[in-house]
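390 is the number that numbering that gives the first Met the number 0 gives to position 391 of the sequence shown; each next residue is one higher, with no gaps.
Where is the CB? At the ideal position from N, CA and C, for every residue including glycine.
Right, one structure below, let's go through it.
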Amino acid sequence: MKEIVEVAVGLPVFKTFHYRIPEKMRESLQVGMRVLVPFKGRKVTGFTIDLSDQPPKGVEEKLREVEGLLDEAPLIDSPMLRLYRWISDYYLYPLGEVIKTGLPPGLQLKSELILSLTQNGMESLARGGLELIQEKVFKEIGRCGKVSLKKILKHFLGVSKSQLFSWKRKGLLNIDAGIEGKEVKPKFEKVVQYQGDELIQPISKKQAEILKWIKEKGEVSYSELSKRFKSPSKPIQFLRTKGLLSFSRREVCRDLSVRAELKPYPKPEPTSDQDAMLSEILKGIHSKRFSPFLIHGVTGSGKTEIYLRAIEEVLVQGQEAIVLVPEISLTPQLLSRFKDRFGENLALLHSGLGRGERYDQWRRIWRGDVKIAMGARSAIFAPFKNVGIIIVDEEHDPSYKQEEKLKYHARDVAVVRAKQAEATLLLGSATPSLESFYNAEKGKFKLLNLPERIEGKPLPKVEVVDMKKEGGLLSEKLKAALKKNIEDKKQSLLFLNRRGFANFILCPDCGLTFKCPNCSVTLTYHLGDRSLQCHYCDYRIQAPGDCPKCQGHRLQGMGIGTERLEQEIRTLFPETQVGRMDHDTTSRRRSHLQILKRLESGSIDILVGTQMIVKGHDFPNVTFVGVVSADTSLHFPDFRSSERTFQLLTQVAGRAGRGEVFGEVVIQTFNPDHYSILRAKDHDYVGFYQEEIQFRKALEYPPFSRFINFRLAGNSEKRTKAMAEEMGNNGQALLKKGYGKGIEILGPSAAPFAKMRGKFRWQMLAKGKNPPLLHQFAKGLATRMEVQLREKGVHLDIDVDPVFIL
Ligand SMILES: [Zn+2]
Ligand SMILES: [Zn+2]
């Protein structure tokens, strides 16, 4: 039996640690279980990643014992552990933290400091004469028996940690390490089961009715029972004592807040294009080998039906399916179609669910109750044991990249998981990412095309309007098109990728603008509550009437947002029903679905919105789409801005004309000759790709090189800058040592938004063609800087650019 366990703790440390397994745990401890281990004076949760007979050399004496075993069965099996190890290595992120990302929140146990009164302390409290604040704190501790230190500090603002410790030194308080009890537990309900009906004694009419009903159902929950019968307690207690019923508990699945509520979608016959494509995919599924496909299908070409049928086949094979969609809460239509086809055999994983709901969904997968998991990026960690297919819908979508903490790209992790599991991989998009199309070009993915919309519906006609020749917000062409669409009783979408009323407020007398004190951005004006808001942090103030600097009366809103656009449309077309969909109107739960339902039922004529309206909705009566400004994304300081613009324009244009009537699109721009706009106008993805890939090649940008971005953030401007310079020097020193051939360092320089949420930000970019060398360099640099950074209180984030090429 193994005596030593290797543990990855759920903390930001790169190393893993070894512990001795106490005698009593040796039989039950397995790889993939959570353990409680001592770590730097605390108890922390760790994940068992290996078991061995011998401790590693040189640490025998220092080994401490595992303190607790938290699971009765492994949460992670060895294929998942292999995937987590790959992620940790590729994204340069501690293994324990990676595993934590993959598990539902609520499984974390953390030790914390717990306060209780000593005998001495209780006596002092009883005697009285303590300082007022001390008395209050002691009373609270006395009342609860045990209270966490965190809670006391939060409750009593006048008390400090050092004060509490001084009371401990005086022998008035105990301060011990304890366990936080916040773990989410499965929820149980009481159920009543039918046992038999050999009637020995006569029973009442009500009792007979209840017994008959339970007999029909076999097993009913107590809550169902009390809905059906008035006060059923007494009768069922009686029936139980007679041995006709029995009671037990069963685990319940907390209700999901996302349900299919839109109109059911009939199962369509596949077109010949779809049939041809499916037969290719089925070959992959039957081969039980890694079979990666890139489906390039124009908007409205029927990709979803391909997904559904491929999954049906995977289920027949006795395997499981993972479906990734961008921000699932935004696409109730897709969810409806999956629910219609697969019913309860589907678990949902996404951040819109509550903690308990998410935990339950995860457990349904883990226990094998469902065969399909669908969700946003974290669904890639669904704990299936035998995955047959992984589908990434809208694979180009930027929301697959997590921008905080572990900066993984869910599409890339999907590629790796499918490869490790020998599964079929479907990446689908009307506008594939450059890297995926490049992979297809190189033969790494098999390219499948759906060049036509189903039923031969034409793609919409797109017109580009040069705004240099127009005055005002809306061009004559766009206004005329809206007017005509209203007269024809059709619906329109207006896309503007900026929310709020005015972009910023300016005093024309003294030039004052309002800046966020925490971020290097201007505040956006919101008319609804007359506030100035920062869209990056929570900062918000009441908008002033006059200029606070020169007392001028002429404060002006500059630039437009969706709120102002909505107002403008209402003024132009007062008889029309106008709706708005953006972050401000959808922050309440389900409000997003409400807006879509109103659009579906025809009670909105014109819907104004940000990129939320771009996501894969399908409304047959929408025949006109207007892009108010195509330039917002074009000027973003990122080498992917052209690609992003092309994708957005193509996707938003694709919302038009999905029904019987021909669709039309008007794009307003100050850059009418830009290839992103011209190619989107012609629905020419391949043309766009060829132009963009030339540009990337010329500048040696991804996919022709790899980027790793080192981001520094700190509270002190001076120290953060100093650390950035130090990192630059260290980087150069590593290169001089011949650490990474062909690696180029760009920067360090202040980040594009030099201050964000109160933190000063610097960055340095390493560019290289050889990924293993680049990773080695990044690891070396991070290790060199680790201690200094911690001392100076500057945080380093390593961001590996999502160009994963097989
Ligand atoms: Zn002023
Ligand atoms: Zn801010």
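Pick out whichever of 279, 474, 305 has its Cα sitting closest to the Cα of residue 269.
Taking the first residue of the sequence shown as 1, we reach residue 269 at position 270. Out of 279, 474, 305, 305 has the C-alpha closest to the C-alpha of residue 269.
*So what does DSSP say about residue 693, is it helix, strand or coil?*
Position 694 of the sequence shown, counted from the first residue, corresponds to residue 693. Helix.
Problem set entry | Range of the contiguous alpha helix (DSSP H) that encloses residue 443 | Looking up residue 443 in the sequence shown gives position 444. Premise fails: residue 443 is in no alpha helix (DSSP H) and is neither H nor E.
- Please say whether residue 346 and residue 366 have beta carbons closer to each other than 8 Å? Counted from its first residue, the sequence shown places residue 366 at position 367. Counted from its first residue, the sequence shown places residue 346 at position 347. Result no, Cβ atoms of residue 366 and residue 346 do not sit closer than 8 Å.
Review point. Ends of the beta strand (DSSP E) at residue 580?
Key: As a first step, residue 580 must be located in the sequence shown, where it is residue number 581. Run containing residue 580: 577–580, per the beta strand (DSSP E) assignment.
### Task
Could you say if the stretch 741–760 and the stretch 710–722 meet the contact criterion of at least three C-beta pairs nearer than 8 Å?
yes
- Query: Roughly how many angstroms lie between the CA atoms of residue 256 and residue 653, to the nearest whole one?
  - Reply: As a working note, residue 256 is residue 257 in the sequence shown. As a working note, residue 653 is residue 654 in the sequence shown. For residue 256, the pLDDT reaches just 39, beneath the cut-off of 50, and the residue's location in the model is therefore unreliable, although a value from the coordinates is still provided. Straight-line Cα distance between these residues: approximately 29 Å.
Closest by CA to residue 31, which one among 783, 173, 47? In the sequence shown, residue 31 corresponds to position 32, counting from 1. If we check each option's Cα against that of residue 31, 47 comes out closest.
Throw me the rounded Cβ distance for the residue 846 and residue 313 pair, which I believe falls under 8 Å. Any question about residue 846 goes unanswered here, given that the chain covers just 0 to 805.
**Message:** Between 484, 277, 510, 587, which has its C-alpha nearest residue 624's C-alpha?
**Reply:** One-based indexing of the sequence shown puts residue 624 at position 625. Here the closest residue by C-alpha is 484.
Assigned secondary structure, residue 289 (DSSP; H/G/I helix, E/B strand, else coil):
In the sequence shown, counting from the first residue as 1, residue 289 sits at position 290. Coil at residue 289, not helix or strand.
Among the candidates 158, 644, 125, 550, whose CA atom is the shortest distance from the CA of residue 678?
As a first step, residue 678 is located in the sequence shown; it is residue number 679 there, counting from the start. Checked all of 158, 644, 125, 550; the closest Cα to residue 678 is 644.
Shorter than 7 Å, the distance from the beta carbon of residue 351 to the closest heavy atom of ligand 1, or not?
Here residue 351 refers to the residue found at position 352 of the sequence shown. Incorrect: residue 351 has no Cβ contact closer than 7 Å to ligand 1.
| request: Below 8 Å on the Cβ atoms is my guess for residue 499 versus residue 523; work out the distance and round it to an integer in Å. | output: Mapped onto the sequence shown, residue 499 falls at position 500. Mapped onto the sequence shown, residue 523 falls at position 524. Indeed, because the Cβ distance is near 4 Å, the residues count as touching under 8 Å.
Checklist entry - Under the criterion of a Cβ to heavy atom distance below 7 Å, does residue 548 qualify as lining ligand 1? => result The residue given as residue 548 occupies position 549 in the sequence shown. True, at least one ligand heavy atom lies under 7 Å from that Cβ.
Does the distance from the CB of residue 461 to the CB of residue 666 come in under 8 Å?
Numbered from 1 along the sequence shown, position 462 holds the residue referred to as residue 461. Numbered from 1 along the sequence shown, position 667 holds the residue referred to as residue 666. Yes, Cβ-Cβ distance for residue 461 and residue 666 is below 8 Å.
message: Assuming contact is defined by CB atoms lying nearer than 8 Å, are residue 0 and residue 68 in contact in what I supplied?
response: Reading the sequence shown from its first residue, position 1 is the one you call residue 0. Reading the sequence shown from its first residue, position 69 is the one you call residue 68. No, these two residues do not count as a Cβ contact at 8 Å.
Residues whose Cβ lies closer than 7 Å to any heavy atom of ligand 2, in chain order: 515, 517, 518, 520, 533, 535, 536, 538, 756
Distance between residue 155 and residue 140 (C-alpha atoms, nearest Å): Here residue 140 refers to the residue found at position 141 when the sequence shown is read from its first residue. Here residue 155 refers to the residue found at position 156 when the sequence shown is read from its first residue. Their Cα atoms are separated by approximately 12 Å.
Between the CA atoms of residue 650 and residue 340 - distance to the nearest angstrom:
On the sequence shown, residue 340 is found 341 positions in, with the first residue counted as 1. On the sequence shown, residue 650 is found 651 positions in, with the first residue counted as 1. Rounded to whole angstroms, residue 340 to residue 650 spans 26 Å at the Cα level.
Quiz item: According to DSSP, what are the bridge partners of residue 413?
Solution: Here residue 413 corresponds to residue number 414 of the sequence shown, with the count starting at 1. Its beta-bridge partners do not exist; DSSP assigns none.
Next item on the list: For my contact list, residue 622 and residue 656 are in at a C-beta cut-off of 8 Å; report their separation, rounded to the angstrom.
Entry: As a working note, residue 622 is residue 623 in the sequence shown. As a working note, residue 656 is residue 657 in the sequence shown. Between residue 656 and residue 622 the Cβ distance is about 6 Å, and since that is below 8 Å, they are a contact.
- Return the bridge partner residues of residue 673 from the DSSP annotation. Here residue 673 refers to the residue found at position 674 when the sequence shown is read from its first residue. Note: residue 673 sits in no beta bridge, so no partner.
Work out the CA separation of residue 212 and residue 254 for me, nearest whole Å. For the purposes of this step, residue 254 is identified with residue 255 of the sequence shown, where counting begins at 1. For the purposes of this step, residue 212 is identified with residue 213 of the sequence shown, where counting begins at 1. Note that residue 254 scores a pLDDT of 48, beneath 50, so its modelled location is shaky; the value from the coordinates is reported in the next line. Taking the straight line from one Cα to the other gives about 25 Å.
Own chain partners of residue 675 with C-beta closer than 6 Å, once the 5 adjacent residues on each side are dropped:
Sequence index remark: in the sequence shown, residue 675 carries index 676 (1-based). Excluding residues within five positions, the ones whose Cβ falls inside 6 Å are 641, 644, 645.
What does residue 16 pair with, by DSSP beta-bridge criteria?
The residue labelled residue 16 in the question sits at position 17 within the sequence shown. Answer by DSSP bridge pairing, in chain order: 6.
Closer than 7 Å: is that where the CB of residue 509 sits relative to any heavy atom of ligand 1?
The count along the sequence shown starts at 1 and reaches residue 509 at position 510. Yes; taking the cut-off as 7 Å, the Cβ of residue 509 has a heavy atom of ligand 1 nearer than that.
Measuring CB atoms only, is the stretch 786–794 touching the stretch 709–720, in the sense that at least three cross pairs come out at less than 8 Å? yes
Three-pair Cβ contact test at 8 Å for the stretch 370–380 versus the stretch 408–420: yes
Residue span of the alpha helix (DSSP H) that contains residue 234, given as start and end: Within the sequence shown, numbered from 1, the residue matching residue 234 stands at position 235. Taken as a continuous stretch (DSSP letters only), the alpha helix (DSSP H) holding residue 234 covers 232–240.
Selected residue, minimal CA-CA separation from residue 662, among 638, 336, 490: Here residue 662 is taken as the residue at index 663 of the sequence shown, counted from 1. Measuring from the Cα of residue 662, the nearest candidate turns out to be 490.
Exercise. Quick one, which of 10, 240, 478, 684 has its alpha-carbon nearest residue 567's?
Worked result: Position 568 of the sequence shown, counting from 1, holds the residue named residue 567. Comparing Cα positions, the closest option is 478.
Note to self: Here's a check: name, in chain order, each residue in its chain whose Cβ is nearer than 7 Å to the Cβ of residue 82, leaving out the five neighbours to either side.
What the structure shows: The residue labelled residue 82 in the question sits at position 83 within the sequence shown. Closer than 7 Å at the Cβ level, and outside the excluded window around residue 82, lie 415, 416, 419.
> Is the beta carbon of residue 45 less than 8 Å from the beta carbon of residue 95?
Replying inline: Working through the sequence shown from its first residue, we reach residue 45 at position 46. Working through the sequence shown from its first residue, we reach residue 95 at position 96. Yes. Within cutoff.
Check your understanding: For residue 760, is the classification buried or exposed, using 16 other Cβ atoms within 10 angstroms of its Cβ as the cut-off for buried?
Key -> Here residue 760 is taken as the residue at index 761 of the sequence shown, counted from 1. When all chains shown are included, residue 760 counts as buried.
Just the Cα atoms here: how many angstroms apart are residue 610 and residue 61? Locating residue 610 in the sequence shown gives position 611, counting from the first residue. Locating residue 61 in the sequence shown gives position 62, counting from the first residue. Distance between the alpha carbons of residue 610 and residue 61: 56 Å.
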